[in-house]
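Data first, discussion second: the structure below is written as structure tokens.
Numbering (our numbering), first residue to last: 1111 to 1716.
Rendered as structure tokens:
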């Protein structure tokens, strides 16, 4: 078998099944489904100057940016597509840009331009992904993500925490349990000290998803070859996917413009003729060469990936159901046409709910009528509690009348105005608790009105603000009306008046309507108590009725009227201006739903 036949043999064995799966994962990633669930992928990790770029060049067949320090400054998704009908073609996409080109030598320029656009010119890094798709008859079907080289010390122009930034970026990719870690490690260093393997071991302690690529075998110190062989045979740091040793172009060969094709041929010659490594190839080809790397990565990603496809499909359907449920709880947003906006405003249902609330037909948080009833019961209790004080004062005035108020009149004759003054003074003291009851009910009603406004217009901050302001203004106005009416009521009570029939009926209840006692003053306490009962009955109902009518019923009617007036406003654009966060959240959910639907369709069609 010739060297040229090798890659085709590997591809012929796997391409039929592998390419659709790789394309599916790439499509999933391109539509952003990796935001919803982890996708199988291959992440390339290596210390700076580990030979990572050379490995990628060998796999892709094209030169990538090189230099000292950080060369890879953004994650680079390298999509390699084998197509024997295409000589060479590439598409690079980043930040919304898509650029097609057909000249391999242009790769470096386009990748550097993409990195400068995303990460800025200099030595900074960025988490935004660059996608480079290469279609050629000479590449293997493979997709992998190249990550910035691991560094420990910042150089001039770099932030002091550049090492932490890079580690965080790498960790973000390799912590996904479905990510194969391609750790690039030079042969001429102690592998136990390499950051790439350390990071891999942190997230993959069992070594189940890490494949190590040993580079620079030509730079091994004489006598250290057996140590490398121990590593290759998985006897130093165990990795279930094992180790592959490769030889790529060195800097001298790059400077001399050695082609990648020639470098692959030289790699073959190196392993075939090496004193210590020759037995690895061709007798044990599983340990050497770029096609072995492709084969291992493809098999190790394809088999588990195929197993997880049903689970992935179920997870996508589950998340799609959740997103659709969340969308169903959000309104579709206001229409664009003015007339449609007016109809939409009517359909927001605020007026109907306010009306139902004022009638007691709906309960918002707590039963408003039950709350008011408790307050009015307390008002009644206040009247009853004042009764004992009233009776004491009346009896005291009667008892002390002879000493303080009696003039030249004979016993049994008294001054009516003295007792009228007592009634007026004591009844006037009830005005303060009446006003307190008003304020409590007003706060209670306004709170429930505000709650309805908040719920009805939660997506429309301007409309909520308008309605809340209207509610507050109307409640203040209605409260002032009730205050005036209560003041009027107590001013009328100063007349000390009731119908004779009503007074006589109440007096009989108090036992003061009949009797032959000459000293009619002895009946005064009972008569005054009888009159107080009439006052209590009037105030017990009148104050609550005033409050309920103006603060609840009339307020609800006026609020509805004010909101209806908005229908004729020319400012419907502002009135129905949606909360930006709600709009963004809806757009986010819709985009998520679109991604999941598309992903579900793609999996179903595989």
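By construction, the Cβ of each residue, glycine as well, lies at the ideal position given by its N, Cα and C atoms.
- Query: Would you call residue 1150 buried or exposed, if buried means 16 or more other Cβ atoms sit within 10 Å of its Cβ?
  - Reply: buried
- Message: With a threshold of 8 Å on Cβ separation, who are the neighbours of residue 1330 within its own chain once the five nearest residues in sequence on each side are excluded?
- Response: 1297, 1298 and 1338
- Query: Taking only runs of the beta strand (DSSP E) that begin and end inside the stretch 1235–1270, which ones reach a length of at least 3 residues, in chain order?
  - Reply: 1240–1246 and 1252–1256
- Query: On the three-state DSSP scale, how would you describe residue 1201?
  - Reply: strand
- Using CA coordinates, which residue listed in 1592, 1305 and 1572 is at the minimum distance from residue 1550? 1592
- Query: Leaving out five residues before and five after residue 1165 in sequence, what residues of the same chain have Cβ atoms less than 7 Å from its Cβ?
  - Reply: 1294, 1323, 1325, 1356 and 1358
- Reduced DSSP secondary structure (H/G/I, E/B, other) of residue 1358: coil
- Query: With C-beta atoms as the reference, is residue 1433 less than 7 Å away from residue 1703?
  - Reply: yes
- Message: Closest to residue 1231 by C-alpha separation, out of 1197, 1182 and 1215, would be which residue?
- Response: 1182
- Task: Following the continuous beta strand (DSSP E) through residue 1322, name the residue where it begins and the one where it ends.
- Result: 1320–1325
- Inter-residue CB distance, residue 1272 and residue 1156 (contact presumed, cutoff 8 Å): Not really, about 16 Å apart at Cβ, beyond 8 Å.
- The alpha helix (DSSP H) with residue 1462 in it runs from where to where? 1460–1469
- Give the secondary structure of residue 1598 by DSSP, where H, G and I count as helix, E and B as strand, and everything else as coil. helix
- Message: I'd like to know if the stretch 1529–1539 and the stretch 1468–1482 are in contact, where contact means that at least 3 CB-CB pairs between them fall below 8 Å.
- Response: no
- In the DSSP assignment, what residue or residues form a beta bridge with residue 1151? 1289
- How many Å lie between residue 1154 and residue 1347 at the Cα? 19 Å
- the stretch 1208–1215 / the stretch 1278–1293 touching (three or more Cβ pairs under 8 Å): no
- Task: Using alpha carbons as the reference points, say which of 1641, 1652, 1605 and 1596 lies closest to residue 1617.
- Result: 1641
- Can you give the Cα-Cα distance for residue 1595 and residue 1541, rounded to whole angstroms? 11 Å
- Express the C-alpha separation of residue 1188 and residue 1385 in angstroms, rounding to a whole number. 35 Å
- Query: Looking at the structure shown, is residue 1474 part of a helix, part of a strand, or coil, going by DSSP?
  - Reply: strand
- For residue 1294, name the three-state secondary structure that DSSP assigns. strand
- Nearest to residue 1428 (by Cα), restricted to the options 1612, 1554, 1169 and 1707: 1707
- Query: For residue 1210, which of helix, strand or coil comes out of DSSP?
  - Reply: strand
- What are the start and end residues of the beta strand (DSSP E) that includes residue 1670? It is not in any beta strand (DSSP E) - residue 1670 instead sits in the alpha helix (DSSP H) that spans 1665–1675.
- Exposed unless 16 or more other CB atoms sit within 10 angstroms - verdict on residue 1715: exposed
- Can you round the beta-carbon distance between residue 1255 and residue 1152 to whole angstroms, since I take them to be within the 8 Å contact cut? 7 Å
- Enumerate in chain order the residues of its own chain whose CB-to-CB distance from residue 1661 is below 6 Å, with the five nearest sequence positions on each side excluded. 1551, 1552, 1555 and 1588
- Quick one: is residue 1580 buried, meaning 16 or more other Cβ sit within 10 Å of its Cβ, or exposed? buried
- Query: Between the Cα of residue 1171 and the Cα atoms of 1387, 1236, 1245 and 1239, which residue gives the shortest distance?
  - Reply: 1245
- Let me know if residue 1700 comes out buried or exposed under the rule of 16 or more other beta-carbons within 10 Å of its beta-carbon. exposed
- Message: Could you tell me the alpha carbon to alpha carbon distance between residue 1419 and residue 1692, rounded to whole angstroms?
- Response: 34 Å
- If I'm right that residue 1290 touches residue 1319 with Cβ under 8 Å, what's the distance once you round it to whole angstroms? 5 Å
- So what does residue 1189 bridge to, in DSSP terms? 1243 and 1253
- Message: Relative to the C-alpha of residue 1562, which candidate in 1370, 1285 and 1467 has its C-alpha closest?
- Response: 1467
- Beta-carbon separation (whole angstroms), residue 1220 vs residue 1208, contact threshold 8 Å: Incorrect: roughly 11 Å between the Cβ atoms, too far for contact.
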